[in-house]
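In the numbering used here, the protein residues as written are 94 to 476.
Idealized CB from N, CA, C, for every residue including glycine.
Data block below; observations after.
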Amino acid sequence: MHISKLQTRLDERKAKQLYRTRRIAESAQHVEMLIDGRKLISFCSNDYLGLANHPQVKQAFIKAANEYGVGSGAAHLINGHSKLHHQLEEALAEFTSYPRALLFSTGYMANLGVAQALVGRGDTVLEDRLNHASLIDGGLLSGARLMRYAHNDAADLERKLASRNSGDKLVMSDAVFSMDGDIAPVKQLVASCKQHDAWLMLDDAHGFGVLGADGKGIMQHTQTASEDLPVYMATLGKAVGTAGAFVAGSEALIETLIQQARTYIYTTAQPPAIAAATLASLQIIQQQPELREQLNANIKQFRQCAQQAGVTLASSDTAIQPVIIGDVEQTVALSNKLFESGFLVTAIRPPTVPEGTARLRITLSASHTPQYIDQLCDALCAA
Ligand SMILES: *Cc1c(COP(=O)(O)O)cnc(C)c1O
Numbered sequence: 094m095h096i097s098k099l100q101t102r103l104d105e106r107k108a109k110q111l112y113r114t115r116r117i118a119e120s121a122q123h124v125e126m127l128i129d130g131r132k133l134i135s136f137c138s139n140d141y142l143g144l145a146n147h148p149q150v151k152q153a154f155i156k157a158a159n160e161y162g163v164g165s166g167a168a169h170l171i172n173g174h175s176k177l178h179h180q181l182e183e184a185l186a187e188f189t190s191y192p193r194a195l196l197f198s199t200g201y202m203a204n205l206g207v208a209q210a211l212v213g214r215g216d217t218v219l220e221d222r223l224n225h226a227s228l229i230d231g232g233l234l235s236g237a238r239l240m241r242y243a244h245n246d247a248a249d250l251e252r253k254l255a256s257r258n259s260g261d262k263l264v265m266s267d268a269v270f271s272m273d274g275d276i277a278p279v280k281q282l283v284a285s286c287k288q289h290d291a292w293l294m295l296d297d298a299h300g301f302g303v304l305g306a307d308g309k310g311i312m313q314h315t316q317t318a319s320e321d322l323p324v325y326m327a328t329l330g331k332a333v334g335t336a337g338a339f340v341a342g343s344e345a346l347i348e349t350l351i352q353q354a355r356t357y358i359y360t361t362a363q364p365p366a367i368a369a370a371t372l373a374s375l376q377i378i379q380q381q382p383e384l385r386e387q388l389n390a391n392i393k394q395f396r397q398c399a400q401q402a403g404v405t406l407a408s409s410d411t412a413i414q415p416v417i418i419g420d421v422e423q424t425v426a427l428s429n430k431l432f433e434s435g436f437l438v439t440a441i442r443p444p445t446v447p448e449g450t451a452r453l454r455i456t457l458s459a460s461h462t463p464q465y466i467d468q469l470c471d472a473l474c475a476a
């Protein structure tokens with residue numbers, strides 16, 4: 094009985110072209126990939142600097158696995174917190190100019206953990222309407238009242254902050270919006286939060302490693318001091334090319350998370366070799382600004398050639414360059430056509446993005462060659 098109900102819902106999803114399937118990658122994460130038996134040029138990865146498959150990062154991983162094994166064995170508060178995890182936390186704190194940093198096993202868990210540790214019943218979480226699902230879920234699970242403000246609209250935030258005069262307030266926003274590529278109005282968010290005595294947390298999943306001259310992320314890009322942003326969060330599975338996430342902040346914030354963030358306490362620590370690989374990747378990010386320069390050149394080239402090809406682009410200067418189509422069926426057809434022409438560009442559909450804004454989420458990497466970018470623009474034009 095219940096099974097047939099599930100099947101009905103699945104069928105409905107299929108009829109609306111909202112059914113999701115997985116393609117199988119048979120090669121490493123790279124610009125050229127073997128997927129479902131076909132050689133494709135990928136334009137949908139978050140591996141913005143090409144570090145996921147970097148020889149030095151792999152070497153560090155292998156060396157650490159030989160020394161520390163694979164599994165971490167337990168949660169950080171039992172005996173899973175290795176010297177490598179600890180070194181990585183220290184390196185991340187230093188790189189982001191915060192007193193402390195704390196590793197989480199995934200970004201999703203970091204966002205749930207922060208919200209739950211900082212606010213609860215009687216408090217308010219205020220979130221940008223286009224925030225990543227993990228921030229929304231964090232707000233919902235915290236038990237606080239969740240209010241969503243219009244996208245990048247500090248005036249709307251201000252009104253909503255002013256409407257709440259009891260309890261603590263936590264404002265959460267993507268720094269770079271994951272499906273749109275635009276950047277939060279950080280200075281205005283900082284000012285509003287200061288004025289209304291609210292916590293501000295930015296999720297820099299798509300800024301860390303790529304924004305700012307040294308890749309330090311949103312704060313370097315917007316010249317914001319760490320004192321002005323009490324909770325900084327970034328993930329390690331995107332530009333950093335490994336896995337996991339961290340939260341950086343004051344001594345008191347990090348100690349609070351260690352005591353209270355359930356997604357920190359009740360989960361197995363990520364493998365120590367991942368931390369070693371992340372340390373190696375962080376070094377490359379610091380020592381090779383040319384990777385960011387190449388990425389920025391690629392973004393510029395793509396925008397120029399797409400515009401020449403008559404493609405309507407969103408207002409984004411980051412590696413995330415959505416082409417908003419609107420209609421779900423059309424978007425899926427376009428993605429399939431690109432696949433046939435040898436390009437992997439995924440169709441992003443509701444509920445990942447709002448109804449009527451289905452899109453191709455094109456992402457650029459420092460590893461794309463100028464030829465690949467030109468070829469993609471030709472294929473977009475022909476599709
Ligand atoms: C990817 C992403 C996350 C989740 O991070 P994972 O480490 O993949 O769980 C959180 N926030 C944003 C904005 C993201 O894009």
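Mark H169 as exposed unless 16 or more other C-beta atoms lie within 10 angstroms of its C-beta, in which case mark it buried.
-> By the 10 Å Cβ count, H169 comes out buried.
Fully enclosed by the region 101-182, which beta strand (DSSP E) runs are 3 residues long or longer?
-> 125-128, 131-135
Which class does E448 belong to by DSSP, given the choice of helix, strand or coil?
-> coil
What distance in whole Å lies between the Cβ atoms of E220 and M265, which are believed to be in contact at a cut-off of 8 Å?
-> M265 to E220, Cβ: 5 Å. Contact.
What do you get for R115, buried or exposed, if any count of 16 or more other CB atoms within 10 angstroms of its CB means buried?
-> exposed
C-alpha gap between T424 and G449, whole angstroms = 11 Å
To the nearest angstrom, report how far apart R257 and H289 are at their CA atoms.
-> Whole-angstrom Cα-Cα distance: 9 Å.
Check: A208 C-beta below 7 Å from any heavy atom of ligand 1 | no
Contacts around D261, its chain only, beta-carbon distance under 6 Å, and the 5 residues preceding and following it disregarded | V212, D216
DSSP bridge partner residues for D267 (one or two, in chain order) | D296
Any idea which residues DSSP pairs I413 with across the strands?
-> T456
Near ligand 1: I314 beta-carbon under 7 Å from a heavy atom = A small fix is needed here, since residue 314 is His in this sequence, not Ile. No - ligand 1 has no heavy atom lying nearer than 7 Å to the Cβ of H314.
First and last residue of the beta strand (DSSP E) that includes T328?
-> Bounds of the beta strand (DSSP E) holding T328 are 324-328.
Opening and closing residue of the alpha helix (DSSP H) in which G260 lies | Here G260 belongs to no alpha helix (DSSP H), and DSSP marks it neither H nor E.
Outcome for P444 when other beta-carbon atoms lying within 10 angstroms are tallied against a minimum of 16 | exposed
Do I466 and Q394 have their C-beta atoms closer together than 8 Å?
-> For I466 and Q394, yes; Cβs fall inside 8 Å.
DSSP-derived helix/strand/coil call for T189 = Looking at T189 - three-state DSSP - the assignment turns out to be helix.
Between the beta-carbon of I418 and the beta-carbon of H299, is there less than 8 Å?
-> no
Where in the region 299-371 do unbroken runs of the alpha helix (DSSP H), each at least 4 residues long, occur, reported from the N-terminal end onward?
-> 311-314, 344-353, 355-358
Kindly list the residues whose CB is nearer than 7 Å to the CB of N389, restricted to its own chain and excluding five residues on each side of it in sequence; keep chain order.
-> none
Between the CA atoms of K253 and Q281 - distance to the nearest angstrom = 14 Å
R238: first and last residue of the uninterrupted beta strand (DSSP E) it sits in = 238-242
Grab me the residues of H461's own chain with a C-beta within less than 7 Å of its C-beta, minus the 5 sequence neighbours each way, in chain order.
-> V124, N391
Exposed or buried, which one is G302 when buried takes at least 16 other CB atoms within 10 Å?
-> buried
Just how far apart, CA to CA, sit M326 and R396?
-> 29 Å
CB contact check: Y141 to chain B, cutoff 8 Å | Of the chains in the structure shown, none is chain B; there is only one protein chain.
G200: CB within 7 Å of a non-hydrogen atom of ligand 1 | yes
Closest by C-alpha distance to L181, when choosing among N172, S190, L195 | L195
Exposure label - L250; buried when at least 16 CB within 10 Å | buried
Identify every residue that forms a DSSP beta bridge with F197.
-> Within the DSSP bridge table, the entry for F197 names A338 as partners.
Relative to ligand 2, is the shortest distance from any of its heavy atoms to the C-beta of A373 smaller than 7 Å?
-> With respect to small molecules bound, the structure shown includes ligand 1 and not ligand 2.
What distance in whole Å lies between the Cβ atoms of L223 and F270, which are believed to be in contact at a cut-off of 8 Å?
-> 5 Å
DSSP-derived helix/strand/coil call for T462 = coil
Reducing DSSP to helix, strand and coil, say where V404 ends up.
-> coil
Are there 16 or more other CB atoms within 10 angstroms of the CB of R452, so buried, or fewer, so exposed?
-> buried
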